[in-house]
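J.:
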Amino acid sequence: MNSTRSTARADNVLPYLSAGILAHILIGSYPVFGKRAIAEVPKFSLVFIASMAITTTAILWMRYREGVTWQRYLHVLRRERILWLFVAVVSLRAVTNIISISLTRAVWVQLINIMAPFPVAFLGAWFFAQPIPRFTLPAVLLSTTGAALMLVQDWSQLTNGFTPQDALGLGLATVSMLAFAFYYQLIRRSRLRAATSGIVLFQQGMAMTLSFLVLTLVTGEDWSAWAHMSGGGWASALIYIIFVQAGGNLSQVIAVGGVSPALITNFMALRLLSAMVLAAIILGETLVTPLQWLGAAIVIATVTAYLWFQGRSHSRHPT
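Under the working numbering, the first residue of the sequence shown carries the number 119, and numbering increases by one thereafter.
#1: Buried or exposed for residue 127, going by 16 or more other Cβ atoms inside 10 Å?
#2: Give a yes or no on whether the C-beta atoms belonging to residue 406 and residue 229 are separated by under 9 Å.
#3: With 16 other CB atoms within 10 Å as the buried threshold, where does residue 160 fall?
#4: On the DSSP letters alone, give me the boundaries of the alpha helix (DSSP H) that residue 264 sits inside.
#5: With a Cβ-Cβ cutoff of 9 Å, do residue 164 and residue 156 count as a contact?
#6: The alpha helix (DSSP H) that contains residue 347, what's its start and end?
#7: Within 10 angstroms of its Cβ, does residue 123 collect 16 or more other Cβ (buried), or is it exposed?
#8: Relative to the alpha-carbon of residue 168, which residue among 320, 423, 411, 393 has its alpha-carbon at the smallest distance?
#9: Which residues in the same chain as residue 401 place their Cβ atom closer than 7 Å to its Cβ, once the five residues preceding and following it in sequence are excluded?
#10: So residue 358 is in the alpha helix (DSSP H); what residue range does that whole segment cover?
#11: Spatial neighbours of residue 396 within its chain, please: CB distance less than 7 Å, with the 5 preceding and 5 following residues excluded, ordered by chain position.
#12: For residue 301, which residues from the same chain have a beta carbon less than 6 Å from its beta carbon, with the 5 sequence-adjacent residues on both sides left out?
#13: Using only CA atoms, which one of 158, 137, 177 lies nearest to residue 342?
#14: State yes or no: is the C-beta of residue 218 within less than 9 Å of the C-beta of residue 287?
#15: Relative to the alpha-carbon of residue 179, which residue among 391, 299, 140, 371 has its alpha-carbon at the smallest distance?
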């Protein structure tokens, strides 16, 4: 009898867990398909169109899955004013993310992104008086060591293959990662009882749509480039818009709606793996030395172990 119940529970969890894994793989490919697409079209125009796809997906999800009416949405918007702060943080993250991948390697951007659990912990301690989780400092040291090994190709010439443009790209990727960490802490500490996942996703999509519409107009981007794209450019842009942005965000919403977010987060290192594999195939960005591969292994193992330990701790002592 107990075995039957356990099997039933596992069967119920599996679709949501699969959606979470798919979300990590799709979101992990963001820098790769984004970088390939903006090699042929203006970057802000690309994210503008992708943001409209996110907004459309959110509207369909709200309406037909969650049954949210526009009256209810407006009521939530008036009641949950912190949603407007989420808008600002999401816009900052999106803008710095797309600019960073135009400046440096896709794998390096994703490397910075998966470090987000550590600033989440420190922001919780600094702003919300939360205790720093166990193993945070050793995990930060290990991950930083692994990241350094990944970034440096030749230790006899540390700056070999590393330009000021790369440094700016990594700096913007760090700002983007910190914005995500702050957003995550706001989600945890706020009391968005009335806001469904679809409402939050719609608010984010609208914020990004408006932000990138302004940016593409102000910077005077040449949209005629869309008429002269190659087949590879079109494939990358469509995958980025439909699968990475709309599909990745929807998969994430489905996953966290069915299982604990802590369980889904355990697989975050898949984002770096996804970026590494696809960047090698599509962009020709590969790790070339054994030390770089060792660094990648250290980062993936450390982030995964850290999140697993935090997930166990949270399940035993929920906040």
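Cβ coordinates follow ideal geometry from the N, Cα and C atoms, glycine included.
T.: Inspection of the coordinates gives the following:
#1: Reliability of the predicted coordinates at residue 127 is poor, the pLDDT of 47 falling under 50, and the value obtained from them is presented with this limitation in mind. When all chains shown are included, residue 127 counts as exposed.
#2: no
#3: buried
#4: 254 to 269
#5: Yes.
#6: Run containing residue 347: none; DSSP gives neither H nor E here.
#7: With a pLDDT of only 45 at residue 123, under 50, the local geometry of the prediction cannot be trusted, and no value is derived from it.
#8: 320
#9: 150, 153, 154, 224
#10: Here residue 358 belongs to no alpha helix (DSSP H), and DSSP marks it neither H nor E.
#11: 147, 150
#12: These residues qualify, in order along the chain: 207.
#13: 158
#14: yes
#15: 371
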